[in-house]
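Residue numbers (the numbering used here), protein chains in the order written: chain A, 1 to 156; chain B, 157 to 496.
By construction, the Cβ of each residue, glycine as well, lies at the ideal position given by its N, Cα and C atoms.
Have a look at the structure below, then the notes.
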Amino acid sequence: MLTEKEFTAAAEQHLDMVYRIALNWFRSPPDAEDAAQNAMLRLWRAEKPFADDEHLRRWLVRVTLNECKRISANPWRSRTVPLENCPEPVFSDPARQTLFHEVMTLPVKYRVPLYLYYYEGYGVREIGEMLGIKTSTVQTRLARARAKLKTQLEEE
Amino acid sequence: MKNLYRETFDEVHASDTLRREVWSMTKQEQNTPKRCRVPAAALAAAVLVLALTGTTLAASGLVPGSMKNWFIQQWAGTSGGEGISAEQVALFDRLIQEVGVSDTCGGVTVTLDSITCGDSALWLLLKVSGDLDMVQGEAATAYYFHDTEVVFSREPDREDTPGGSGMEYPFSGTSEDGVQTMLIRYTITLTGTDSLLDGYDAVLHLGDLMYGDSVAQEGEWVLSFKIEPSKQEVLTLESAEVPAHDHENGSEAVTTELRDIRVSATGIRFIQIAEQQMFAPDQGGVVLADGTEVSRAGGGSRWTGEISTGEWASDYYWKLPVDLSQVVGIRFGGTVIPLN
Numbered sequence: 001m002l003t004e005k006e007f008t009a010a011a012e013q014h015l016d017m018v019y020r021i022a023l024n025w026f027r028s029p030p031d032a033e034d035a036a037q038n039a040m041l042r043l044w045r046a047e048k049p050f051a052d053d054e055h056l057r058r059w060l061v062r063v064t065l066n067e068c069k070r071i072s073a074n075p076w077r078s079r080t081v082p083l084e085n086c087p088e089p090v091f092s093d094p095a096r097q098t099l100f101h102e103v104m105t106l107p108v109k110y111r112v113p114l115y116l117y118y119y120e121g122y123g124v125r126e127i128g129e130m131l132g133i134k135t136s137t138v139q140t141r142l143a144r145a146r147a148k149l150k151t152q153l154e155e156e
Numbered sequence: 157m158k159n160l161y162r163e164t165f166d167e168v169h170a171s172d173t174l175r176r177e178v179w180s181m182t183k184q185e186q187n188t189p190k191r192c193r194v195p196a197a198a199l200a201a202a203v204l205v206l207a208l209t210g211t212t213l214a215a216s217g218l219v220p221g222s223m224k225n226w227f228i229q230q231w232a233g234t235s236g237g238e239g240i241s242a243e244q245v246a247l248f249d250r251l252i253q254e255v256g257v258s259d260t261c262g263g264v265t266v267t268l269d270s271i272t273c274g275d276s277a278l279w280l281l282l283k284v285s286g287d288l289d290m291v292q293g294e295a296a297t298a299y300y301f302h303d304t305e306v307v308f309s310r311e312p313d314r315e316d317t318p319g320g321s322g323m324e325y326p327f328s329g330t331s332e333d334g335v336q337t338m339l340i341r342y343t344i345t346l347t348g349t350d351s352l353l354d355g356y357d358a359v360l361h362l363g364d365l366m367y368g369d370s371v372a373q374e375g376e377w378v379l380s381f382k383i384e385p386s387k388q389e390v391l392t393l394e395s396a397e398v399p400a401h402d403h404e405n406g407s408e409a410v411t412t413e414l415r416d417i418r419v420s421a422t423g424i425r426f427i428q429i430a431e432q433q434m435f436a437p438d439q440g441g442v443v444l445a446d447g448t449e450v451s452r453a454g455g456g457s458r459w460t461g462e463i464s465t466g467e468w469a470s471d472y473y474w475k476l477p478v479d480l481s482q483v484v485g486i487r488f489g490g491t492v493i494p495l496n
């Protein structure tokens with residue numbers, strides 16, 4: 001189990017990542033915050049030792065994805081949140097605002113692999129393992145996500 | 157694009173409120189004794205079990221030991237005590253597939269006893285046994301698996317948009333045979349003629365057996381099974397006008413047109429035009445010849461084609477499978493649309 005100091009340091013380093021993964025999953029900040037909070041609570045209560053920071057980071061990615069799935073499966077939660085009901089962050093640059101908006105219009109099955117690949121730098125095989133899908137499926141989804149995003153940005 | 161993407165998400169941060177909540181976790185855990193918080197899924201299961209009034213099993217705190225008994229129990233709760241027909245029981249027998257595959261981890265054996273597959277709903281009955289000293293009786297409703305996932309040999313959804321899928325535990329508890337028994341209901345929002353009944357090789361992945369908020373047994377159980385392809389009858393209707401509520405304008409009562417309606421033994425599927433996406437059809441169910449109504453138990457909606465301009469497809473499932481030869485209509489709010 002992590003000490004309070006270790007947990008605080010891990011939260012400082014990884015909370016944004018956890019929140020961004022959850023936001024990519026749900027689009028809705030309240031749902032993303034619920035999932036992020038649950039994932040961090042799992043970290044605080046985790047009894048397994050972590051070999052190094054990369055081990056901890058990868059474990060957190062998996063736990064966050066599992067929390068997102070669990071919340072999505074809650075029978076009391078509506079499965080679909082209309083995009084217009086999801087407030088967006090305010091960005092310093094209009095191009096970033098546009099890109100964020102267009103990313104959020106992508107289906108969830110594209111958004112999450114795209115984030116793990118583009119931002120977190122994971123390879124397609126690792127992403128496949130994290131999401132429980134085949135490597136070829138990850139490649140296809142990434143290719144389609146990029147193509148869709150490119151088309152949408154050109155239309156803007 | 158990669159640079160722009162990275163710069164964009166550099167500006168996405170957890171809120172200060174979330175940070176404060178996470179930072180305070182260590183303090184809360186140190187200052188207060190650990191509470192056994194019943195998770196939503198287990199709570200839902202408990203509520204459902206408690207809702208099963210009028211049956212010996214519910215009164216004894218036990219859950220059904222077989223899928224068939226669960227459906228019959230649901231029927232008793234639906235029909236208000238009316239006897240179940242032989243045709244309805246025969247339907248359960250036709251739909252339930254025995255599986256009997258097991259996996260053991262950490263001394264705990266999980267057996268996938270049987271499945272029932274519909275158009276877009278899949279019920280999976282699990283038996284859990286082994287070295288673990290499991291709680292019995294009414295308190296056993298708090299068992300569930302932290303991670304539950306069904307992976308199919310190919311994607312059931314052929315549309316280029318994701319089918320929302322959901323997983324829930326209608327019940328979990330000690331059954332009449334003394335074994336911890338759980339029912340998982342998996343549903344997926346499919347469109348067009350896509351169906352789970354096309355036949356699939358599937359794998360159920362279960363991770364960490366939980367009791368309330370605590371891990372009862374860490375581990376992973378992997379159960380492979382096959383959904384046999386089958387042709388089930390579907391009742392279709394080109395279109396129907398039904399009462400609905402506009403959830404974007406203060407729940408104003410409106411009428412909406414449902415198109416390409418498909419009613420199967422396990423659920424209903426229809427589409428609406430994009431402009432009526434915000435019109436949610438009123439609650440209802442399927443009406444049988446003897447007057448019994450089997451209500452909708454849940455479901456989901458999604459865009460097909462382009463978001464906001466394509467079609468809005470909905471896929472709901474019945475509380476239990478129904479004999480289509482007995483279906484005389486579908487009800488939305490106060491309106492019954494005749495069928496058959």
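Any C-beta of chain A under 9 Å from that of residue i
i: L160 of chain B; result: yes
i: L174 of chain B; result: yes
i: D402 of chain B; result: no
i: M157 of chain B; result: yes
i: E384 of chain B; result: no
i: F435 of chain B; result: no
i: W179 of chain B; result: yes
i: T182 of chain B; result: yes
i: S451 of chain B; result: no
i: A170 of chain B; result: yes
i: V307 of chain B; result: yes
Separation of residue j from residue i, as counted between CA atoms
i: L43 of chain A; j: Y300 of chain B; result: 20 Å
i: E167 of chain B; j: F91 of chain A; result: 7 Å
i: F435 of chain B; j: Q292 of chain B; result: 45 Å
i: R144 of chain A; j: S321 of chain B; result: 21 Å
i: M323 of chain B; j: P89 of chain A; result: 30 Å
i: E126 of chain A; j: I429 of chain B; result: 39 Å
i: P49 of chain A; j: L56 of chain A; result: 9 Å
i: R96 of chain A; j: Y161 of chain B; result: 8 Å
i: Q170 of chain A; j: Y19 of chain A; result: Shown here, chain A extends from 1 to 156; a query on residue 170 of chain A therefore has no answer.
i: E394 of chain B; j: A10 of chain A; result: 56 Å
i: V63 of chain A; j: A39 of chain A; result: 6 Å
i: R111 of chain A; j: V478 of chain B; result: 38 Å
i: S420 of chain B; j: V483 of chain B; result: 10 Å
i: P30 of chain A; j: L495 of chain B; result: 42 Å
i: L208 of chain B; j: G233 of chain B; result: Here L208 of chain B scores only 35 on pLDDT, less than 50, and its place in the model should not be relied on; the value that follows carries that caveat. If I take the Cα positions, the gap works out to 6 Å.
Integer-rounded CB distance, given that residue j should sit under 8 Å from residue i
i: A46 of chain A; j: M1 of chain A; result: 7 Å
i: Y473 of chain B; j: G454 of chain B; result: 6 Å
i: D275 of chain B; j: S351 of chain B; result: 5 Å
i: S457 of chain B; j: A469 of chain B; result: 7 Å
Residue-level contact to chain B via CB, residue i, 9 Å cutoff
i: E4 of chain A; result: yes
i: L60 of chain A; result: no
i: G128 of chain A; result: no
i: P89 of chain A; result: yes
i: P94 of chain A; result: no
i: W44 of chain A; result: yes
i: S72 of chain A; result: yes
i: D16 of chain A; result: yes
i: T135 of chain A; result: no
i: T64 of chain A; result: no
i: A11 of chain A; result: yes
i: L116 of chain A; result: no
i: R20 of chain A; result: yes
i: Y122 of chain A; result: no
i: F26 of chain A; result: no
i: R79 of chain A; result: Confidence at R79 of chain A is low in this model, with a pLDDT of 43, below 50, so the placement of that residue should be treated as unreliable; the coordinate-derived value is given next. Yes, because at least one Cβ of chain B sits closer than 9 Å to the Cβ of R79 of chain A.
i: R57 of chain A; result: no
i: R146 of chain A; result: yes
i: T8 of chain A; result: yes
i: V103 of chain A; result: yes
Worksheet item: Quick one, which residues of the stretch 232–251 of chain B are near chain A if we go by CB-CB under 9 Å, in chain order?
Response: Answer set for the stretch 232–251 of chain B: empty.
Discussion item. Under 7 Å, CB to CB, which of the residues in the stretch 28–39 of chain A have a partner in chain B?
Written reply: Going along the stretch 28–39 of chain A in chain order, one finds E33, A36, Q37 with a Cβ nearer than 7 Å to chain B.
Item to complete: Decide yes or no for the touch test of the stretch 247–265 of chain B against the stretch 296–311 of chain B: beta carbon pairs closer than 8 Å, at least 3 of them.
Response: The stretch 247–265 of chain B is not in contact with the stretch 296–311 of chain B.
Practice prompt. Count the CB pairs spanning the stretch 227–235 of chain B and the stretch 346–365 of chain B that are closer than 8 Å, and state whether there are at least three.
Written response: No, the stretch 227–235 of chain B is not in contact with the stretch 346–365 of chain B.
Discussion item. Tell me which residues of the stretch 252–268 of chain B have at least one Cβ-Cβ distance to chain A shorter than 7 Å, keeping chain order.
Written reply: Residues: none.
Worksheet item: Touch check for the stretch 324–333 of chain B and the stretch 258–268 of chain B: three-plus C-beta pairs under 8 Å?
Response: No, because fewer than three Cβ pairs between the stretch 324–333 of chain B and the stretch 258–268 of chain B fall closer than 8 Å, the two stretches do not touch.
Item to complete: For the stretch 330–345 of chain B and the stretch 279–288 of chain B, state whether three or more C-beta atom pairs, one from each stretch, are separated by less than 8 Å.
Response: Touching, yes.
Fill in: Chain-ordered residues of the stretch 272–304 of chain B with a beta carbon less than 8 Å from chain A
Going along the stretch 272–304 of chain B in chain order, one finds H302, D303, T304 with a Cβ nearer than 8 Å to chain A.
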